[in-house]
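Report on one structure; see the data block that follows.
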Amino acid sequence: MLVGVLALQGAFREHQWALDKCGVETRQVRKPGELSGLDALVIPGGESTTMGKLMREFGLLEPIKGIAAEGMPIFGTCAGLIMLAKQIRNSQQANLGLMDMEVERNAFGRQVDSFEADLPIAELGPQPIRAIFIRAPYITRVNNGVDVLAAYDDKIVCARQGRFLVAAFHPELTEDLRLHRYFIEKVAR
Amino acid sequence: MSEITAEKGTWTVKKGLAEMLKGGVIMDVTTPEQAKIAEEAGACAVMALERVPADIRAAGGVARMADPTIIQRIMDAVTIPVMAKARIGHFVEAQILEALGADYIDESEVLTPVDDKYHIDKHAFKVPFVCGCRNLGEALRRIGEGAAMIRTKGEPGTGNVVEAVRHIRMVLGELRRLQNVPREELMSAAKEMGAPYNLVLEVAATGRLPVVNFAAGGIATPADAALMMQLGCDGIFVGSGIFKSNDPKSRAKAIVAATTHYNDAKVLAEISKDLGEAMPGLEISAIAPEQRMQDRGW
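Top line first, the protein sequences correspond to chains A and B. Take the first sequence: its position 50, counting from 1, is numbered 50 in our numbering, and each next residue is one higher. Take the second sequence: its position 82, counting from 1, is numbered 271 in our numbering, and each next residue is one higher.
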């Protein structure tokens, strides 16, 4: 299995390390040609406005939408979640708009409000995941077809729609590989 | 309230924001208008200050933390993270910046130090800090004090990247050397470097700094940014290089693209075209030793 990791900006290295530990091959993606032959794609955390601009400038938006329409599994964390949402509250920034949901950026506040917490996710078993939220977004609304996998303080922070999986937090910053494994084994299977 | 307890200001959360900035460009801005230009160009964060380093150098005198009004206006103008500078050792300026809600504090040699012996105890804050270094010992001292992100010092406000190159080569060279030092010699290495022993043990084992390491000080062109990335930096700070050039918008955008595509000379050639003139450069030997900002702090 070959998983592409969008490497325009952000924590792509950490996703590669996590995927590597899960035993799958990875490839950094910066240009459209690097999308060919992938079995799945990860969009990492980072600055979503930066990522959106670089995706537009280097012609990645349409090709990614194209492979997504053909069934490419995509996992987005934090900025990646924002890139996948159909609507972003109070923003016109460039994104992929693949999942039927609305998100709010920096919804938990500025960096001084960034936090970590034990978050139960039933799909991953009884043990909660240590979730790292950094100037994190959350999902303000989901439409039909989007399954909510986890909420923190009544705010949706992990969801799935078919072959798309998103988390508002950063599993790639911890040693816990369960969400990456869930993506590889259940979502991308 | 949820029954889940949240922990704020942890080491993971502080270090984590820097991880998210990697591969990006952090730009010095002095007005909300400049901050918007930076955001529009794709900056992953901005540094809010009263004057860019080149102007601080030209003005002389004592350089202090910016007026909170300036920082507040810049925070209101953009949605990307906003950093701000405090003087070396000035923990009250840092307290003020934390209270304002700045996302990162740069304990910076660009401003005039207030303490010639001690840096800020950065573990005492919930807001994360970035600090400059010229070598591995200095980097590990700052990390020991609680810096969650490191950058080269370079020589700020010069448009001359030679010092930043020297500093990253020094840090990475020392890291490589430590990996070949037998364990019984590491205590002595720690003593010589003036670095905390536990951190020396850690980097000798992993071969890399435990926090993100950006380039700063003298970066003026897309090629400069790509050079620092190829040398092994995780991202780029641009101080005077953008708003002291004659076409800030194009130059900012090109430096962002160069930081992403740093290994692709064809892309670099394309984005380096038609940027107008870079900021005027300054030869390091033309700066009197007491005017060198990189020698501030220890």
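Glycine included, every Cβ here is placed at the ideal spot set by N, Cα and C.
*Give, in chain order, every unbroken run of the alpha helix (DSSP H) that is at least 4 residues long and sits entirely within the region 49 to 98 of chain A.*
Listed in chain order, the complete alpha helix (DSSP H) runs (minimum 4 residues) inside the region 49 to 98 of chain A are 61 to 69 and 79 to 84.
*Under 8 Å between C-beta atoms of V400 (chain B) and A458 (chain B)*: Going by beta carbons, V400 (chain B) and A458 (chain B) fall outside the 8 Å limit.
*From A475 (chain B) to E466 (chain B), what does the alpha carbon distance come to, in whole angstroms?*
21 Å
*chain A contact residues for H450 (chain B), given Cβ-Cβ distances below 7 Å*: R30
*Three or more beta-carbon pairs under 8 Å between the region 144 to 158 of chain A and the region 85 to 95 of chain A, yes or no?*
no
_First and last residue of the uninterrupted beta strand (DSSP E) at T26 (chain A)_ = E25 to V29
*Roughly how far, in whole angstroms, is the beta-carbon of L35 (chain A) from the beta-carbon of P63 (chain A), given that I think they are within contact range, below 8 Å?*
6 Å
*Contacting positions in the region 129 to 145 of chain A - beta carbon closer than 7 Å to chain B*: I132, I134 and R135
*Taking all protein chains shown into account, decide if V389 (chain B) is buried (16 or more other Cβ within 10 angstroms of its Cβ) or exposed.*
When all chains shown are included, V389 (chain B) counts as buried.
*asked:* Assess contact between the region 294 to 306 of chain B and the region 437 to 455 of chain B, defined as three or more Cβ pairs (one per stretch) separated by less than 8 Å. Is contact present?
replied: no
*Whole angstroms is fine: what's the gap from S191 (chain B)'s alpha carbon to F75 (chain A)'s?*
Legend: pLDDT at S191 (chain B) = 48, less than 50; position of this residue unreliable, no value from coordinates given.
_Residues of the region 199 to 224 of chain B with Cβ closer than 9 Å to any Cβ of chain A, in chain order_ = T199, T201, V202, K203, K204, G205, L206, E208, M209, L210, K211, G212, G213 and V214
_I193 (chain B) - DSSP class collapsed to helix/strand/coil_ = coil
*Using three-state DSSP, classify E104 (chain A) as helix, strand or coil.*
strand
*Beta carbon of A168 (chain A): closer than 7 Å to some heavy atom of the ligand MG?*
The model on display carries no ligand, and the ligand MG is accordingly not part of it.
*Compile a chain-ordered list of the residues in the region 291 to 302 of chain B whose CB is closer than 9 Å to at least one CB of chain A.*
Within the region 291 to 302 of chain B, the qualifying residues are A291, D292 and Y293.
_8 Å Cβ cutoff met for F199 (chain A) and K197 (chain B)_ = Within the shown structure, residues of chain A are numbered from 1 to 189, placing residue 199 (chain A) beyond reach of any answer.
*Identify which residue in B:G278, B:A227 and B:A243 has its Cα closest to the Cα of R485 (chain B).*
B:G278
_Just list the residues that DSSP pairs S297 (chain B) with in beta bridges._
B:R276
_Residues, ordered as in the chain, of the region 99 to 117 of chain A that lie near chain B by beta-carbon distance below 7 Å_ = Residues of the region 99 to 117 of chain A that bring their beta carbon within less than 7 Å of a beta carbon in chain B comprise R105, N106, R110, Q111, V112, D113, S114, F115, E116 and A117, in sequence order.
_Please confirm whether L61 (chain A) has its beta-carbon closer than 8 Å to some beta-carbon of chain B._
It does not; no Cβ of chain B falls within 8 Å.
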